[in-house]
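Below is one structure, written out as structure tokens, with a few remarks after it.
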Amino acid sequence: MDSELPTRDHILLQLAAHLDDDTLRRVFPDQHPDAIRGLLLSRPSVAAGNLVPAVPPVRTMPADNAATACRCRLFTDGASRGNPGQAGAGAVLLDEQDEELAACSVYLGVCTNNVAEYKALLVGLEEALCQGCGQLAIFLDSELIVRQVQGLYKVKNETLLPLFHQVRERLDQFETWSITHVPRAQNTRADQLANQGIDQRHG
Numbered sequence: 275m276d277s278e279l280p281t282r283d284h285i286l287l288q289l290a291a292h293l294d295d296d297t298l299r300r301v302f303p304d305q306h307p308d309a310i311r312g313l314l315l316s317r318p319s320v321a322a323g324n325l326v327p328a329v330p331p332v333r334t335m336p337a338d339n340a341a342t343a344c345r346c347r348l349f350t351d352g353a354s355r356g357n358p359g360q361a362g363a364g365a366v367l368l369d370e371q372d373e374e375l376a377a378c379s380v381y382l383g384v385c386t387n388n389v390a391e392y393k394a395l396l397v398g399l400e401e402a403l404c405q406g407c408g409q410l411a412i413f414l415d416s417e418l419i420v421r422q423v424q425g426l427y428k429v430k431n432e433t434l435l436p437l438f439h440q441v442r443e444r445l446d447q448f449e450t451w452s453i454t455h456v457p458r459a460q461n462t463r464a465d466q467l468a469n470q471g472i473d474q475r476h477g
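Number 477 marks the last residue of the sequence shown (this note's numbering); no jumps.
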């Protein structure tokens, strides 16, 4: 008896997770490997002449009820002046019409940039859960954090490991989620909020 065929989304997720950079460069010599992975992990839409990541149901999580979940986009950023140094977290949550649902700016104290990135993601995930977002597309300009959450990189740093597990626990509470690396130029709002968080220490 033939086994059931995997879904298209599952196939794309597995391809994104297992195709290494060298293979992607050979197949698509004119494109950066991250750009190809981003297309596999999300369905881009054209806006203002640029490719903007859309909200894709990439990974399906069990739903507690059959109600239609709110679809949201989350941009987060962590900043550390000194690495380690004074740090802040920024997160902005958008609905399907790109209307801003929430903007968060948090002072984190002294930590490294990578710790700030993880804490900013946690701040954003908590806000998305509070806002009732069931289907979430996440965008960061930290390639390391994105690859770790995707499972492409192992988390070897002992300081980051508990933060990574907290992120994965939060993600399990969404019906669907995806995470994509974007250029810093597409994450300016979250970056501004992160720097505002650092400045709050003087408040």
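For each residue, glycine too, the CB sits at the ideal point set by N, CA and C.
Hey, would you say residue i sits closer than 8 Å to residue j, going by beta carbons?
i	j	result
C346	L367	yes
A361	V384	yes
G398	L348	yes
R475	Y381	yes
Q405	L375	yes
L414	I472	no
A377	D465	no
H455	E400	no
Mapping DSSP to helix, strand and coil, what is residue i?
i	result
T450	strand
Y392	helix
E373	coil
L325	Caution is warranted here: a pLDDT of 32 is assigned to L325, below 50, making its placement in the model unreliable, and the coordinate value is therefore given only provisionally. Reduced to three states, the DSSP call for L325 is strand.
G471	helix
N339	Any reading at N339 must be qualified, since the residue scores a pLDDT of 36, below 50, and its modelled position is unreliable; the value itself is stated next. Here N339 sits in coil by DSSP.
G383	strand
R463	helix
P331	Any reading at P331 must be qualified, since the residue scores a pLDDT of 31, below 50, and its modelled position is unreliable; no value is offered.
What are the partner residues of residue i, as DSSP defines its beta bridges?
i	result
T350	A365
Q409	R345, T450
Q360	R355, V384
C378	A365
Quick one: measure Cβ to Cβ for residue i and residue j, integer angstroms, because I've assumed they're closer than 8 Å.
i	j	result
I412	W451	7 Å
N461	D294	No, N461 and D294 are not in contact; Cβ-Cβ is about 25 Å, not under 8 Å.
L435	V429	5 Å
A365	A390	Wrong, their Cβ atoms sit about 12 Å apart, outside the cutoff.
L396	L437	7 Å
N387	N431	Contact flag wrong, Cβ pair sits at about 12 Å.
L479	Q371	Absent from the model: residue 479. The displayed extent of the chain is 275 to 477, so no value can be given.
S379	Q470	4 Å
| Where in the stretch 413-444 do unbroken runs of the alpha helix (DSSP H), each at least 4 residues long, occur, reported from the N-terminal end onward? | 417-424
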